[in-house]
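Chemist: Take a look at the following structure, please.
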Amino acid sequence: MNAPIFPFAISVALLSFASADDLLLIDRGGVRVGVDRGKDAAITWLSWPEHPTNVVNLSDPGRLIQQSYYAEASLDRQTEGQSTSWSPWPWNPIQGGGVRSWTRVAEAKITDGVLFCETIPKLWDMPNEEADAVMRQWMTFEPNMDGVIVVTCELTCQRQDRDVWGPP
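Take the sequence shown: its letter number 140 is residue 140 in my numbering, and every next letter is one higher.
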């Protein structure tokens, strides 16, 4: 599999993020990618020899390099805590977390050079509401291609057939 190399246009945040115990990193030739298993397991670290400090914006969960999906009907859920600024909004599980909340990390580990994470995502538009879904992510380096990170993502939707958003 040949993955394209593309530049990341991500600003640097001034906030510290992960503790050393929670930051899981893989490194090849000074190219480093990592996740904070204590908060969300989205990509929270990216650096390379020419830019050895983290380039991921850590200002809030919505700015991370992460999975995010949209589906079906947009709903007005203001009575349940949805902001008027983004209501109505569709079903939108997000790996980094929702309004003022981080996702739940079920598993985060490095095995044979592969960084694997499994999270229970939050709905982006709602305060601390878990989505009926599981997100998995595998990160590794492309063989024989310096500087190429391969990220494989999976969403398992666990919504009910006739929920308020429509068919899953």
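Ideal Cβ positions, reconstructed from N, Cα and C, are used throughout, including at glycine.
#1: Run the CB neighbour count on D21, radius 10 Å, all protein chains shown included, and call it buried at 16 or more, exposed below.
#2: Less than 7 Å between the beta carbons of D36 and L23, yes or no?
#3: Which first and last residues belong to the beta strand (DSSP E) in which T53 is found?
#4: Can you tell me the Cα-Cα spacing of W176 and P52, whole angstroms?
#5: Under the three-state reduction of DSSP, which class applies to T79: helix, strand or coil?
#6: Could you tell me the alpha carbon to alpha carbon distance between R159 and A71, rounded to whole angstroms?
#7: Quick test of the definition: if touching needs 3 or more C-beta pairs under 8 Å, does the region 97-109 touch the region 123-134?
#8: Checking 7 Å against the spacing of the C-beta atoms, do S85 and Q78 come in under that value?
#9: Expressed to the nearest angstrom, what Euclidean distance is found between the alpha-carbon atoms of I10 and S19?
#10: By a C-beta neighbour count over all protein chains shown, 10 Å radius and 16 as the cutoff for buried, is A42 buried or exposed?
#11: Once DSSP output is grouped into helix, strand and coil, what is the label at S85?
#12: Using only CA atoms, which one of K109, M145 and I120 lies nearest to L25?
#13: For C157, count the other beta carbons within 10 Å of its own beta carbon; 16 or more makes it buried, fewer makes it exposed. Which is it?
#14: Name, in chain order, the residues that DSSP records as bridge partners for G34.
#15: Considering L115, what are the terminal residues of the beta strand (DSSP E) in which it resides?
#16: Can you give me the C-alpha to C-alpha distance between G81 and F141, rounded to a whole angstrom?
#17: List the endpoints of the continuous beta strand (DSSP E) containing W102.
Modeler: Taking the coordinates as given:
#1: Counting the other CB atoms within 10 Å of its CB gives D21 a total below 16, which places it among the exposed residues.
#2: Result yes, Cβ atoms of D36 and L23 sit closer than 7 Å.
#3: Premise fails: T53 is in no beta strand (DSSP E) and is neither H nor E.
#4: Absent from the structure is residue 176, since the part of the chain shown begins at 1 and ends at 168.
#5: In this structure, T79 counts as helix in the three-state DSSP scheme.
#6: Our two residues, R159 and A71, have alpha carbons roughly 11 Å apart in a direct line.
#7: With contact defined as three or more Cβ pairs closer than 8 Å, the region 97-109 and the region 123-134 are in contact.
#8: In this structure, S85 sits away from Q78, with a CB-CB distance that is not shorter than 7 Å.
#9: With a pLDDT of 31 at I10, under the threshold of 50, the predicted position of this residue should be treated as unreliable, and no value is reported.
#10: Answer is buried; the Cβ neighbour count reaches 16.
#11: Looking at S85 - three-state DSSP - the assignment turns out to be helix.
#12: The closest CA to that of L25, considering only K109, M145 and I120, is found on K109.
#13: C157 is exposed by the Cβ-count criterion.
#14: L25 and W45.
#15: Note, L115: beta strand (DSSP E), V114 to I120.
#16: Using only the alpha carbons, I get a separation of about 41 Å.
#17: For W102, there is no enclosing beta strand (DSSP E), as DSSP gives it neither H nor E.
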